[in-house]
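Participant: In the numbering used here, the protein residues as written are 1406 to 1588. Think of the CB as a built atom: it goes at the ideal place given N, C-alpha and C, for glycine as much as any other residue.
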Amino acid sequence: MKTYISILRGINVSGQKLIKMDDLRMLYEKLGFRNVTTYIQSGNVLFSGELRDLDELEHQISKQIENDYGFEVPVIVLTVDKLSEIVADNLFLIDQEKDSSFMHVSFLSSAPVNYDQESIERKKQSGEEVIFSDACIYLYCPNGYGRTKLTNNFLESRLKVAITTRNWKTTTELLKIASQIDV
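1) Within its chain, find whatever has a CB closer than 8 angstroms to the CB of Ser-1506; leave out the 5 residues flanking it on each side and keep chain order.
2) I believe Lys-1554 touches Gln-1530 by the beta-carbon criterion, under 8 angstroms. Please report the beta-carbon distance rounded to the nearest angstrom.
3) Helix or strand or just coil, what does DSSP make of Gly-1454?
4) Evaluate Phe-1438 with the Cβ neighbour count: other Cβ atoms within 10 Å of its Cβ, from every protein chain shown; 16 or more gives buried, anything less gives exposed.
5) Alpha carbon to alpha carbon, how far is Ala-1516 from Ile-1536? Give it in angstroms, no decimals.
6) If we count the other Cβ atoms within 10 Å of its Cβ and call it buried at 16 or more, is Ile-1499 buried or exposed?
7) Spell out a yes or no on whether the stretch 1421-1431 and the stretch 1442-1454 are touching, meaning 3 or more CB-CB pairs, one atom from each, closer than 8 angstroms.
8) For Phe-1537, name the three-state secondary structure that DSSP assigns.
9) Could you name the residues that DSSP lists as bridge partners for Val-1480?
10) Along the chain, where does the alpha helix (DSSP H) that runs through Val-1492 open and close?
11) Taking the alpha-carbon positions, what's the Ile-1466 to Glu-1434 distance?
12) So, Val-1492 versus Thr-1576, is the Cβ gap smaller than 8 angstroms?
13) So, helix, strand or coil for Lys-1468, using DSSP?
14) On the DSSP letters alone, give me the boundaries of the alpha helix (DSSP H) that Phe-1507 sits inside.
15) What residue does the beta strand (DSSP E) around Arg-1439 start on, and which one ends it?
16) Roughly how many angstroms lie between the CA atoms of Ile-1582 and Leu-1544, to the nearest whole one?
17) Looking only at its own chain, which residues have a Cβ that is under 8 angstroms from the Cβ of Glu-1533, when we skip the five neighbours before and after it?
18) Are Val-1482 and Tyr-1550 touching if we call contact CB-CB under 8 angstroms?
19) Short of 8 angstroms in beta carbon distance, which residues of its chain neighbour Asp-1504, apart from the five on each side in sequence? Order them along the chain.
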C-alpha cells in the first residue's frame, strides 16, 4: 500500500462544481482506495492504494467524478515523497521576513515545456515573487492571493499544463496528514 495525495481543481468554489466531502470519500472508496481522508472543502483527498502510475490514478479519479457528477475536474496526484520534496524546496522559507500566510504553491500536472518565464514575471504585482520548478510554482503574494494576476487560469494559459493552487498552511497540513497515513 502506498499513500497518495490528490488535489482537485475547482470544486466547491463560488457555488460551482459542488461535491460534499462525505460523497467524495465514498467515491474514492468505490474506486477501491483505503484510508480515504479529506482535508477542508476544496478538494484535498488523501488515500492509500496499490502502487500505480500517477497519470492513471489522476485519470481514474477524474473520470469517476465526471461519471458521478457530470462535470470534469482536473486532478493532480502526488506521492508523500514528492509532496515532502515540494515543501522542503520552498526557498521563500529561507527569508525570515516572509509571512508564510502569503505563500502559495501552484501544483503542476506535469513539467512545462517551452514557456516564456519572462511573460509570467511581468504579471507580478508590487511585492509579489515567483519561483519556478518542474513540479510547482511557489508564489509569494503579500497583497493576498485573491488580488494576484498569477492565477491558475493565467498560469495554465502560459505553461500549457493543468494547475491548482493551495496556500502554504494547506500544503503543509496535507503533508502532515499523509505522513501519518503512510506509517
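Facilitator: Taking the structure as given:
1) Asn-1572, Trp-1573, Lys-1574
2) That pair is a contact at about 6 angstroms.
3) strand
4) buried
5) 14 angstroms
6) exposed
7) yes
8) strand
9) Leu-1413
10) Per DSSP, Val-1492 is one residue of the alpha helix (DSSP H) stretching across 1485-1493.
11) 11 angstroms
12) Their beta carbons are under 8 angstroms apart, which means Val-1492 touches Thr-1576 by this criterion.
13) helix
14) Counting along the chain, Phe-1507 falls outside any alpha helix (DSSP H), and DSSP gives it neither H nor E.
15) 1439-1444
16) 23 angstroms
17) These residues qualify, in order along the chain: Leu-1544, Tyr-1545, Cys-1546, Pro-1547, Asn-1548, Thr-1553, Leu-1555.
18) no
19) If you ignore the 5 residues before and after Asp-1504, its C-beta comes within less than 8 angstroms of the C-beta of Pro-1547, all in its own chain and listed in chain order.
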